[in-house]
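Written below as structure tokens is the structure these notes are about.
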Amino acid sequence: MDSNKKYWKGLEELQQTPAFVAKNQGEFAEPIPVEDVLEGDGLKARTPRRDFLKTLGFGLGAVTLAACERTPVHKSIPYLIKPEEITPGIPNFYASTFNGQSILVRTREGRPILLEPNPSALGVNQGTDAATQAAVLDLYDTSKLKGPQAGGSEVSWDQLDGQVTTALNNAAAAGKQIVLVAGTINSPSTLGVLAKFTEKYPTAKLIEVDAVSYSGIIKANANTFGKAVLPRYRFDHADVIVSVASDFLGTWVAGEEHTQQYMSNRNYKSLQKGKMSRHIQFEAGLSMTGTNADARIAIKPSEEGPLLIALYNEITGSSLPGAISSNEKAKTALRLAAQELKNAQGRALLVAGSNDVAVQTLVNGINVALQSYGNTIDLDNPSYQYKGNDEAFAQFLTAAAQGQVGVALFLNSNPLYSYHNPDAVRTALEKIDFKLSFSDRADETASELNAIAPNPNFLESWGDAQPFEGYYTIVQPTINPIYNTRQAEQSLLLWAGEQTDYYTFVKNNWEQNLLAGSAKSWIDVLQTGFSYNGEQPLTAYSFDLSSLAGVAAQVVTGSKALAGEVEVQLYQSTSLKDGKQGNNAYLHELPDPVSKVTWDNYVAINPKFAESLGLGEHSLVEVTVAGGQSAVLPVLLQPGQAIGTVSIAVGYGRTKVGKAGNGVGKNVYPFASVANGTVQFNTSASLKKVAGKYELAQTQTHHTIEGRNIIRETSFAKYQEDPGHNAGRFIDNHKTYDLWNKYEQPGHRWVMAIDLNACTGCGSCIVACNVENNIPVVGRDEVRRRREMHWLRIDRYYSIHQDEIEQSYETGVNKEKQFKGLSGSDYENVTVVHQPMMCQHCDHAPCETVCPVLATVHSSEGLNHMAYNRCFGTRYCANNCPYKVRRFNWFNYWNDSRFDNYLNNEFTQLVLNPDVTSRSRGVMEKCSMCIQRIQGAKLKAKIENRPMKDGDVQLACAAACSANAIIFGDANDPNSEVSKALRNERVYYVLEEINVQPGTGYMTKVRNV
Amino acid sequence: MGGIPFESIDPSCYIHINTIKVLNMRNISLVFGRLAKSVCLIIGLTFAAAGQVSAQDAKAGEALFKANCTTCHLVQGKRVGPELLGMSSRFEAEWLHKWIKNSQSLIASGDETAVRLFEENNRLVMTAFPQLSDDDISNIIAYVDAEEARIAAGPAPDAAGGTAGGAAASSDASDFMIIGLIVVIALAIAIIVVLGKVIRTLERVVENNQHLLIPAEESTETGKESGQALRKFLKNKKLVGLVVLVLVGILGAAGWNNMWNVGVHEGYMPVQPIKFSHQLHAGVNQIDCQYCHGGAYKSKNASIPSANICMNCHKGVTGSEQYGGEISPEIAKIYRALDYDPSTGEYGNNPRPIEWIRVHNLPDFAYFNHSQHVVVAGVECQTCHGPVETMEELYQYAPLTMKWCIECHQTTEVNADNAYYDQLIAAHEKLKKGEKMTAAMIGGLECGKCHY
């Protein structure tokens, strides 16, 4: 068996620190101080007789008074005129779009409560990520503006329109520029509106700028192929993928789309066909993509360029100067990678995360040499997700500072927060006569402008999007605008003197342009949510590789500028990304896929490197970058981080976003700098220890499983010899005895299969589960106390191979004490396994036998039921659960002023799913396998007078997973997807040896090593 | 009334024979009222039966009429569509058939009568009924004729109007009777007591006259004796203990029983913002529950109808015949809610929702789905909601406790006709051969089926 790997969740577990050991003694980190009361002065203290009687009397009186409360009268207010499509109690679904992802919006009684991937769009584009899942909460954000503002006070739309038209006319008369500064606009209708606007105001122009831009790639493509576009990458066509610092499964371009493509060559179905792609990652910080790689080599940001030069030399046999010379490990690895890439010509793909034009030009060169264009890179159906142009924005700032700009309108753009040089923005703004933002709140930029014309949430808006060539999606409103908002497009139309409303404009645009010549009607599009004309045939692209010599020189210069004592890599966190959804409590509480930190950003640093700098976990450190900007942040010891580097997430440290997001973390956008005309997110810095400590709310070692053997891993080679390799099914080798009678499950038996090979750890399922099941957000302090409520968590296990320990290691179960021996390694090379963990719905559930009030019992469908109204909070069940998946409500989180950043107001409570009880304080809860969906699907079948069929029930987590790592269904149906999956040789059950008979099967992690 | 077929009796007559036992004292007056009302109805129907012309046709016609026509038409009086009295004398049967099947095509064909009728009724389009066969239409016409004959026959109570007033009157009468009875009984008791005293005094007078002067002393003697008996009783600890025990037992049992009823609101009958009578709508007018509470067949919520559903009928039905030409004040509340002006037939911009008081309050932690019970299991609405069609004011009929749910699940057989259960029942038959399949046996008692 190859299971002599040691798995651990955090360094404290690996090193068995005293604090960690102490905290894991009990199920709950902070026990209730019963013994203190009993042993200390608690019992010795004298209670005078009179006090006793007073208390008793008051208590009795209070209870009597409380009991005298009359039964509340419930009012029931029906519609006056019921909309035809609404039946109270039955959800409606509307197709819409968020961030280019085609979604279905579930509404109940007219209010949106959940976003799901549009099933009919699958295969074209693509699941939903955590940000999309959480976006429904943004609709109910109380921090939004309730109407238009000018000069800091509320005005009417008429007043605002008056001010704006005057300013526009003045600018036009003076011949000054009118600039719309916007995040990428890929909506054909918005662009149509802008054309109208430009007709009226010829000096108007659009500047697109993204907080995290891809203009390096776009410019490189313009230089080499004459196409200024972001290509569509086809990971599904690639057998060998090499990524240099690109988090392509998470935050890079279109993570969900890439995940789906990537996993189609790595999931259980692909493995059964004997096919698995190979993925090699070179990067500084351990990214989510890095954790999924077959091989990962830690390199410094300054080594990226030289590594690519070396890779180019290896592949083409040329000898550009400046190839990597310092890092021996990387040198060996890149030689092997080059060989593999060369062998897979036409099925190989190289991607790089850098935003440097020179680096991306070099990458283009390598991809040309690998014949990727026309195979794994598609320039004929380019992506329109990001079109931001850093240079154009810089030119705008210069022009504005010179007083050439009369009016600036900001749409979906917040440069005072997200631009690396806010001072330049401020200087430019001062010289602009009239500035207006379409932001839905008075954010960092909007609050400093002349006026705000709040844009409604996308769930209240009409619109469309074109995520990539030939693919158009629709945005349709699912609720009337809640506040006095008006769509930016509508405002622009009005200011341009057009009387059409934007809905008619969108409809006409579709009917006259996008749907022209197709059989589809506007109504069809509203129903399906998108229109896809199929892809243009891919063609190969090529350019003169000899021109790369100059590029290589630029790359070398760039690298040298980066090299410093400590190199800083700025990255986007998987949940918050660029920080636009900075007031979303679901996203703040979603643990980072790798570090498992919530509610903060931090300086990720290699433990060994930290030791050499005298830094420890949660020390505070002042990071000062080459440009002079600095920030004080807590340290997180991150295994896998390259020595000599630190990684810090952007998207935090917002100051004017709202209750939940204000002051969470520090803003490190100012750390970025400009090189070759594009914004660079790598830089060098110096670190200085600052007195004090800051405890990060990190969930990684909460709910630890005490080093039991719960992860099974194998290699692709071994898998091909024996598909069941290392699955280690206990039941096959041992006789088991039952203490309980066999429980018949004659109807359905709901089970789940989880493909560890497909799970990237992105956390989209966690947010989907939160939204579907009304799972409360508890906040940073409560997470520190280990009281997060997530029913579904993704455990991230690190492991290190260390030969000498392997020799002495007894195969099979991992023992905690043996982790100690590993602490000496350099922590640069760790492998990672993500394991989604939720209630396993054991047939012999240990929680059920210890509940004194039978609040948790088994059903004839194989589910472990939890009756909240029966539970009185002994928490025995949580103590007895070997999977540590039960959660206790310490507070009424959804209605308690101490949790003010979440549901503590009637408006935000509208997001709650009315089919699921909001649990009250003192009650246990856990994954119910979305029983409300199961019951709903059963009822639907009964009403339609038919038996259930596979796929009738789709769990929130499974629906959200774009990798299809979670498969749910009826095990009593031998032809169901889940039955087929569970017959897979790779399947094992976690802690099967304790014979709790879990209902969730896991498939071994296979690495193509 | 021997000649009446049983089915033709208004169901409200026999249903409350069963319900009397479950109604408590404060509903007795209502029961009186209902009984009086049903007696009236029976009498009325007896008259009607005498006047029946072609019973078989009219009976089939009545069902069809109620299913298809009552939304817009009354036999006597205008609803949405015109009054139907004298229909068959005014129009030829053949023409009527065409008109009912598709009036618009008749109008389009240029038929003079049709065009005239259309214009007379403000160009109100009548729904087409292509699904009705010629026989069906003949039956409906026969029913209308029968009704016409019945109305012509004499003072039989008009179904829509008479009962409401009658019910109010009879309920007042019965209240008066009860108060009168109580007064009479109280008077009788007083008279008996007074008479008794008088007799005692007279006896004493007689005894005094006979010089038998014992009573004064005797009375003190008896007083002493009773005091001694009490003292004696108090000394007997066993007896005291027993009495205390019995008292504790009784009080405890009473308390325990009371506790079970905490939060049980059986009989809850709040005052509603509109005095809506289910008795009138569901009982007398026989409007199907689904017409207003359509949600019960599709959704977990039975749903209170929106005001636009009320307006389907009440646009025409104003109840003015009861209020001397004025619109009924209760119906006027619907108009006010919708800001509807009945004189112009236009809706204003100031609607105000109707705030009904919820009668059936299930706790939030219990999930109940109407469609599961109504559509899948085929449970009658009355099983849980009681004889709604007899309720002048709606009250909570069932206790809505978990015990009540479970008892039903334990005894109710699953509707095995549903294809969903095919697999399930096959599996269960293997397990338990020959037994009935109740909801409880297929997991209907499991916590998570209702609590999640």
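If you read the sequences in order, they're chains W and L. Mapping to this note's numbering: the first sequence position 61 is 60, numbers consecutive. Mapping to this note's numbering: the second sequence position 273 is 331, numbers consecutive. Idealized CB from N, CA, C, for every residue including glycine.
Do the CB positions of residue i and residue j come within less than 8 Å of each other?
i         : j         : result
Pro745(W) : Ala485(L) : yes
Ile965(W) : Pro835(W) : yes
Leu569(W) : Val631(W) : no
Glu36(L)  : Ser858(W) : One cannot answer for residue 36(L) here, as it falls past the ends of chain L, which runs 59 to 510.
Ser101(W) : Asn117(W) : yes
Thr448(L) : Gly341(L) : yes
Ile473(W) : Leu525(W) : yes
Ala877(W) : Phe887(W) : yes
Gly321(W) : Ala551(W) : yes
His336(L) : Gln454(L) : no
Gly352(L) : Asn359(L) : no
Ala959(W) : Ser763(W) : yes
Gly462(W) : Ser714(W) : no
Measure how close the beta-carbons of residue i and residue j come, nearest whole angstrom, since I'm counting them as under 8 Å.
i         : j         : result
Ile793(W) : Tyr6(W)   : Between Tyr6(W) and Ile793(W) the Cβ distance is about 14 Å, and since that is not below 8 Å, they are no contact.
Tyr425(L) : Tyr510(L) : 6 Å
Asn343(L) : Thr128(L) : 7 Å
Cys841(W) : Gly998(W) : 7 Å
Ala625(W) : Gly563(W) : 7 Å
When burial is assigned at 16 or more other CB atoms within 10 Å of the CB, is residue i buried or exposed?
i          : result
Arg410(L)  : exposed
Ser147(L)  : exposed
Val1005(W) : buried
Gly331(W)  : The sequence shown places Thr at residue 331(W), rather than the Gly named in the question. By the neighbour-count rule (16 or more Cβ atoms within 10 Å), Thr331(W) is not buried but exposed.
Ile247(L)  : exposed
Ser546(W)  : exposed
Gly58(W)   : exposed
Arg918(W)  : buried
Asn1007(W) : buried
Tyr742(W)  : exposed
Phe291(L)  : exposed
Pro973(W)  : exposed
Using a threshold of 7 Å, is the CB atom of residue i nearer than that to any non-hydrogen atom of the ligand PLP?
i        : result
His73(W) : The ligand content of the structure shown is nil, which means the ligand PLP is not present either.
Residues in the stretch 851 to 867 of chain W having any Cβ partner in chain L nearer than 9 Å: Leu853, Ala854, Thr855, Val856, His857, Ser858, Ser859, Glu860, Leu862, Asn863, His864, Met865, Ala866 and Tyr867
Segment contact, 8 Å Cβ cut-off, at least three pairs: the stretch 159 to 170 of chain W with the stretch 456 to 466 of chain W: no
Contact the stretch 341 to 356 of chain W vs the stretch 233 to 247 of chain W: 3+ CB pairs below 8 Å: yes
At least 3 beta-carbon pairs within less than 8 Å: the stretch 184 to 202 of chain W vs the stretch 169 to 176 of chain W: yes
Selection of the stretch 931 to 942 of chain W by Cβ proximity to chain L, strictly under 8 Å: Gln931, Gln934, Lys937, Leu938, Ala940, Lys941 and Ile942
Near-chain L residues of the stretch 736 to 763 of chain W (beta-carbon distance less than 7 Å), N- to C-terminal order: Glu743, Pro745 and Gly746
Against chain W: residues of the stretch 343 to 376 of chain L by CB proximity under 7 Å: Gly353, Lys356, Ser357, Lys358, Asn359, Ser361, Ile362, Pro363, Ser364, Ala365 and Asn366
Near-chain L residues of the stretch 72 to 89 of chain W (beta-carbon distance less than 8 Å), N- to C-terminal order: Val72, His73, Lys74, Ser75, Ile76, Pro77, Tyr78, Leu79, Ile80, Lys81, Thr86, Pro87, Gly88 and Ile89
Touching by the beta-carbon criterion (3+ pairs, under 8 Å), the stretch 633 to 643 of chain W and the stretch 292 to 310 of chain W: yes
Any 3 or more C-beta pairs closer than 8 Å across the stretch 463 to 480 of chain W and the stretch 89 to 100 of chain W: yes
Cβ-based contacts, 8 Å cut-off: residues of the stretch 139 to 160 of chain L near chain W: none
Three-pair Cβ contact test at 8 Å for the stretch 264 to 274 of chain W versus the stretch 364 to 382 of chain W: no
At least three beta-carbon pairs within less than 8 Å, the stretch 207 to 214 of chain W to the stretch 674 to 691 of chain W: yes
Selection of the stretch 427 to 441 of chain L by Cβ proximity to chain W, strictly under 7 Å: Asn427, Ser429, Gln430, Val433 and Val434
Members of the stretch 944 to 965 of chain W that neighbour chain L once the beta carbon cut-off is set at 9 Å: Asn944, Arg945, Pro946 and Met947
Contact list for the stretch 473 to 505 of chain L against chain W, Cβ threshold 7 Å: Asn476, Ala477, Tyr478, Asp480, Gln481, Leu482, Ala485, His486, Leu489, Ile500, Gly501, Glu504 and Cys505
Meets three-Cβ-pair contact criterion under 8 Å: the stretch 397 to 414 of chain W and the stretch 175 to 185 of chain W: yes
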